[in-house]
Amino acid sequence: MGDTRQGEAKGQAPQAGVEAGDAGTLAEQGQHIAHNMAEVFDISGQIWQKWMQGQIQDGGVSHPDPLATWPTYAEFLRVMWDNPRQVADMTIDYWAAQQALWQKSMLKWLGAKEDGAPLDIPHMMKADKRFAHKDWSENALFEYLKQNYLLTAGYIQNAVNNVGEMDPKERKKVALYTRNYVEALNPANFFALNPEVLEATANEKGENLVRGLKMMLQDLERGKGKLLIRQTDVDAFEVGKNTAISPGKVIWQNDILQVIQYAPATEMVYAKPLLFVPPWINKYYILDLNPKKSMVKWLVEQGYSVFMISWVNPDERHKGKTWESYMFDGASAAIDAVLKETGQKSLNLVSYCIGGTLAGTLSAYMSKTNDKRLNSTTFFTAQLDFEDAGELQCLVNEHVLDMMGEDLEKGFLPADRMAAAFNMLRANDLIWGYVVSNYLLGKDPFPFDLLYWNSDSTAMPGLVHQFYLREFYIENNFAKQGLEVRGEHISIGDVKGPVYHVATKEDHIAPAPSVYRGAKEMKKADIRFICSGSGHIAGVVNPPALNKYQFWTNADMSHETLEAWLQGAEETTGSWWPDWDTWLKKRSGRQIAAREPGAVNGVIEDAPGSYVRKRFDK
């Protein structure tokens, strides 16, 4: 298991011929280890006490099954019971594979020379980066632990995904829950089963555990009794200092948003302004992360007048806010502020993620009420038809909505709830990898601006979030002409005008097939749909200078599925931003002298403003 013994003499009684100085060194090492282990026990007690205090403050565990997993698993057990032959065949295959693994492991334990060929077992999971340490492949015991885990986890997930006939949505739920279960049981997550951790503990005499548990205690204190796993060095970044640094001014605000106008970078700008409606689940500065990745910076350099909504991080004061509040007191009011500032009658609206869902409902309402303030609308990874809305849909049901009643009493959903949901979708990368690195190896997280943004979570107004989950994720009313806004029944098909629609191929938040389905339903819109490579963030925030990924275009939107659309699509290497720029320029009017931020509305404060600076964990 690697060099965990630190030499044969270490940790043993002095033998004949051992110098007195060496014995003293051994005694000192023993004292060092004993001291560290005592500190480990002490910090562990503090962690337990801090966690218990958090449970007491939170009222204890009142929901033993908060995601209502039992009905889903009960249905899956029924399906297994109804398909005994298939279950039996899978079980036989599993034990045959276990026998092959055992034989290979026994030969290695006995010192037999390996043929070098890897195990060829159907459904066996691939090893993740936590199995990178050499002992997972070179040490017979740890290799067996790894292979046995990968084999068992693969067969469990194969059964979950393939036994019998099951409602696809229920199947997706049980697959998500099971994946989280098997990822939690990875042997790399446990001190005694991870050779890298054992080696580090021997080499550092337990100091890695002391550092790691101190970090865990700090994370519990930040989370007020809930474990907020740090994914980056949160002290290495500061909003307005080394992220969200594009120059500009806050030129308008109310109790739910600020409007930022960015300083021009060219002498002439296009007359039609751009207004961004970002998601309020996360903060807007993913679009202004740093100078090399900033979409805001790139757009002002192309000669656009760029405005950004910065949503408030809500608290008890926002208890009465609704979806219509965010539509009319939010996005619509911001449109008015931008039009007043620029003297224009219409603007180009740009939206991202849930901001796109809001922009879609607002655009549909404006079309039905003959409101002409939108010149064009751009959607980034925005779901409008939620018929098959990805794995997040697995976490939404009536039971979850009923539990939200407690949060409605205080008016908002705490920021850590949404953060936990998103982390759950990528638990290996966003949870367990950091558990091992931070708490078992005692390593400080690497400073990474994207993960700093990811950890800068926001709360959700309770009524807004409940409306979003029920009307979109559960009822899918916007796709069915059943969404009522101020007495008007609106749907995706009501959206008119020029539309630029972006999906990302590997998106786990807004799956590309779901985004395409919503785009197809814009029958009255003049739509350009593109599919970008990569995922929900990297597929959108992909500056041309990086020359990464690719995108696909196809003017024929008659295809029923994204897969069929892609078969006839043209692939272009690199960023889709220049394609959007070409499309946008045709809809941005003539060029005029650059605008000074706040020349009409006045200046409230410098960008990035005060709303975006509020963190829930500080």
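Residue numbers (our numbering): 883 to 1500. C-beta: ideal position from N, C-alpha, C; glycine also.
Beta-carbon spacing of residue i, residue j below 9 Å
i, j, result
"A1070", "N1062", "no"
"G1237", "I1138", "no"
"K990", "A1041", "no"
"P1343", "F1411", "no"
"Y1431", "G1456", "yes"
"T1243", "L1365", "yes"
"G1148", "W1462", "Looking at the sequence shown, residue 1148 is not Gly but Thr. No, the pair does not count as a contact, with Cβ atoms beyond the cut-off."
"A1476", "M1006", "no"
"D1488", "V1132", "yes"
"A1216", "W1335", "no"
"C1413", "T1443", "no"
"I1168", "Y1234", "yes"
"P1393", "D1115", "no"
"Q1348", "M1286", "yes"
"K1096", "I925", "yes"
"A1145", "P1155", "no"
"G1088", "Y1321", "no"
"R1469", "S1258", "yes"
"V1384", "V1422", "yes"
"L1283", "R1352", "yes"
"S1207", "K1165", "no"
"I1003", "L1027", "no"
"L1277", "E1078", "no"
"N1483", "K1222", "yes"
"V1056", "T954", "yes"
Beta bridge counterpart(s) of residue i as assigned by DSSP
i, result
"K1131", "Q1143, D1488"
"A1475", "M1150"
"S1258", "N1230"
"T1125", "V1121"
"H1371", "E1366"
"L1295", "M1342"
Beta-carbon separation (whole angstroms), residue i vs residue j, contact threshold 8 Å
i, j, result
"F1189", "I1142", "7 Å"
"L1157", "L1229", "5 Å"
"L1256", "G1379", "6 Å"
"A1297", "A1341", "5 Å"
"S1176", "T1224", "Their Cβ separation, rounded to whole angstroms, is 22 Å, which puts S1176 and T1224 out of contact at 8 Å."
"D1017", "N1310", "About 20 Å separates the two Cβ atoms, so there is no contact after all."
"N1279", "A956", "About 14 Å; that fails the 8 Å criterion."
"L1333", "Q1113", "4 Å"
"Q968", "V1064", "Actually they do not touch by this definition, with Cβ atoms about 20 Å apart."
"F1210", "N1358", "Not confirmed; about 23 Å, so no contact."
"G1400", "I1374", "6 Å"
"E1370", "G1417", "Not really, about 35 Å apart at Cβ, beyond 8 Å."
"S1396", "A1271", "5 Å"
"I929", "L1102", "6 Å"
"R1497", "D1338", "6 Å"
"K1472", "A1153", "A quick correction: the sequence has Arg, not Lys, at residue 1472. About 5 Å separates the two Cβ atoms, so the contact holds."
"W1447", "H1441", "4 Å"
"F1360", "L1266", "6 Å"
"P1426", "P1460", "6 Å"
Opening and closing residue of the alpha helix (DSSP H) in which residue i lies
i, result
"S1019", "1017 to 1020"
"V1367", "Segment 1365 to 1367 is the beta strand (DSSP E) holding V1367; no alpha helix (DSSP H) there."
"V1159", "Unbroken run through V1159 is the beta strand (DSSP E), 1156 to 1159; no alpha helix (DSSP H)."
"R1469", "Premise fails: R1469 is in no alpha helix (DSSP H) and is neither H nor E."
"Q1529", "Residue 1529 is absent from the model: the chain starts at 883 and stops at 1500."
"P1050", "1050 to 1066"
"L1080", "1077 to 1086"
Within-9 Å CB hit, residue i to chain D
i, result
"P1129", "This model lacks chain D altogether; it includes just one protein chain."
Inset, instruction - Write down every uninterrupted run of the alpha helix (DSSP H) in the stretch 1163 to 1235 whose length is 4 residues or greater and which is fully enclosed by it, in chain order. - result: Counting only runs of 4 or more, we get 1177 to 1183, 1215 to 1224.
Inset, instruction - Within the stretch 1377 to 1463, note down every full beta strand (DSSP E) run reaching 3 residues or more, in order along the chain. - result: Complete beta strand (DSSP E) runs here, min 3: 1379 to 1386, 1407 to 1414, 1432 to 1435, 1452 to 1455.
Inset, instruction - Mind listing, in chain order, the continuous beta strand (DSSP E) runs of no fewer than 3 residues lying wholly within the stretch 1308 to 1335? - result: Fully enclosed beta strand (DSSP E) runs of 3 or longer: not present.
Inset, instruction - Please go through the stretch 954 to 1039 and give each complete alpha helix (DSSP H) segment of 4 or more residues, from N-terminal end onward. - result: Uninterrupted alpha helix (DSSP H) stretches at least 4 residues long and entirely within the stretch 954 to 1039 occur at 966 to 991, 1017 to 1020, given in chain order.
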